[in-house]
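Residue numbering for the sequence shown is 102 to 309, as defined by this note's numbering.
Positions of the beta carbon are idealized from the N, C-alpha and C atoms, including for glycine.
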Amino acid sequence: MLRVVVMVSGGGTNLQAIIDSVKNGAITNTKIVGVISNNKNAYALKRAEENGIPEKCISPKDFDSRDAFNKKLLEEVKAFEPDLVVLAGFLVVIPPEMIAEYRNRMINIHPSLIPSFCGTGYYGLKVHEAALERGVKVVGATVHFVDEGTDTGPIILQKAVEVESGDTPEILQRRVMEQAEWKILPRAIDLIANGKVKVERNRTVILP
Ligand code: GAR
């Protein structure tokens, strides 16, 4: 059984997709053992609570220094003894100690087709604003392992979504979630839970 901790900052629709997929059997061999948020008002915490999943809020605001916050964050993640850490809209820079501890055991969902519209400053709605500003006709989402860079780790799954005329950043964000994020994030977890993802240097191989 793959023990998964999900880290969130906001609405938690990706968390919901994971919860639903575990319930309906689209994700097998997996237990969500905890949810951690940096934001006490995150609706994601409510989703965890409603589904009987232990949740914790660890806010940088409650600590004197970033180091103290980072230390506590790692401590709390470790306490759940996860095999896999899932960043599902977790908008906090991951401390280097945590990246090292969970190398090839921590994944992130990013709302673009990496390497487009990713890296520092590209998160949430900003990604979709930039895509519309550039006028691209195809966007999408990526699930990748987390390494020391921003959105640079080995790519596990990607899914493309078409831009439509009249799209606003909000409309496009919603379509990317519905058509890509809520599908590939659960799918990636199921693949990992069933030993189907191998990392070779900075790439992944998906086994049949
Ligand atoms: C999602 O669109 C996710 O891809 C994005 O934040 C949103 C969270 O929504 N993540 C990033 O931009 C990370 N760089 P949710 O809380 O409803 O799952």
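- D184 is the residue among A189, L214 and D184 whose C-alpha sits nearest the C-alpha of E202.
- Between L192 and A261, the gap from beta carbon to beta carbon reaches 8 Å or more.
- For V187, the shortest separation between its Cβ and any heavy atom of the ligand GAR does not lie below 7 Å.
- At least one heavy atom of the ligand GAR lies closer than 7 Å to the C-beta of T114.
- In terms of CA proximity to N140, G113 leads the group N152, L226 and G113.
- Between the stretch 196-212 and the stretch 275-293 there are three or more inter-stretch CB-CB distances shorter than 8 Å, so the stretches are counted as touching.
- Per DSSP, A201 is one residue of the alpha helix (DSSP H) stretching across P197 to E202.
- Secondary structure note for E263: its beta strand (DSSP E) is the uninterrupted segment I256 to E263.
- Apart from the 5 residues on each side of it in sequence, S110 sits with its Cβ closer than 8 Å to the Cβ of S138, N139, N140, A143, A145, G190, F191, L192 and V193 in its chain, given in chain order.
- Burial state of T131 is buried, judged by a 10 Å Cβ sphere holding 16 or more other Cβ atoms.
- Within the same chain, Cβ atoms closer than 7 Å to the Cβ of F218 are found at V228, A231 and A232, the five residues on either side in sequence being excluded.
- For I293, the closest alpha carbon among the candidates V123, I307 and L226 is that of I307.
- When the beta-carbon positions are compared, L226 and Q280 stay at least 8 Å from each other.
- G126 and G241 have their alpha carbons spaced roughly 25 Å apart.
- Shown here, I128 sits in coil according to DSSP, grouped into three states, outside any helix or strand.
- Taking a 10 Å sphere around the C-beta of S266, we find fewer than 16 other C-beta atoms and assign the residue as exposed.
- Burial of R148 is indicated by the presence of at least 16 other C-beta atoms within 10 angstroms of its C-beta.
- The closest CA to that of I119, considering only T253, R302, G236 and M278, is found on M278.
- With fewer than 16 other CB atoms across the displayed protein chains lying within 10 angstroms of its CB, G296 is exposed.
- Within 7 Å of the C-beta of P212 there is at least one heavy atom belonging to the ligand GAR.
- For M108, the closest C-alpha among the options I128, V136, V123 and K124 is that of V136.
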